[in-house]
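**Q** Counted the way the working numbering counts, the sequence shown spans residues -1 to 126. Even for Gly, the Cβ is constructed at its ideal location relative to N, Cα and C. Because the structure is a prediction, the values reported are computed rather than measured. Quick one: the structure is below, questions incoming.
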Amino acid sequence: MPRIQGVDIPNDKPAFVSLTYLYGIGRHTAIQICDQLELDPRVKAGEIGEEGISQINNLLDKSYTIEGALRRQVAGDISRLREIGCYRGIRHRRGLPVRGQRTQTNARTRKGGKKTVAGKKGVKDMRH
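Written out as structure tokens, the structure is:
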């Protein structure tokens, strides 16, 4: 398994698919990287060779923010939003959806499991 930026990428998959195993690189960016380095995107990752791997590592160091640095950047952005107390920061702090989704129903992924609230027993009985 070739190792790029501290991540093992699979041998048996095409190069552009293997590059997507890196956090911060999707299919489009992986194909762009292959084009910049004049690598065939369809060649298997195990057949790239040491020189190709070092070229990919150098390009990623120079031009892209990936893996740990990108994770730190995203976490820093979220903590900044929390600190300044903007709407998005408050939503992050409370664990609610940030991008305007409805929460009266749904949003179970962010809110967690259902919390049952005791109903008003006997209200129907009082009416009759």
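Going by beta carbon distance, what residues of the same chain come within less than 8 Å of Lys11, once the five residues before and after it are set aside?
**A** Residue 11 sits at position 13 when you count from the first residue of the sequence shown. So the list reads Lys42, Ala43, once near-sequence residues are dropped.
**Q** Going residue by residue through the segment 5 to 30, where are the continuous beta strand (DSSP E) segments of at least 3 residues, counting only ones entirely within it?
**A** Segments of the beta strand (DSSP E) lying fully in the segment 5 to 30: there are none.
**Q** So, with DSSP's three-state summary, where would you put Lys60?
**A** Taking the sequence shown and counting its residues from 1, the one referred to as residue 60 is at position 62. In the structure shown, Lys60 sits in a helix (DSSP, three-state: H, G or I).
**Q** Going by beta carbon distance, what residues of the same chain come within less than 8 Å of Gln99, once the five residues before and after it are set aside?
**A** Walking along the sequence shown from the start, residue 99 turns up at place 101. Taken in chain order, the residues that qualify are Ala105.
**Q** Give me the Cβ distance between Leu17 and Gln34, rounded to the nearest whole Å; I'm assuming they're in contact under 8 Å.
**A** Within the sequence shown, numbered from 1, the residue matching residue 17 stands at position 19. Within the sequence shown, numbered from 1, the residue matching residue 34 stands at position 36. Not really, about 12 Å apart at Cβ, beyond 8 Å.
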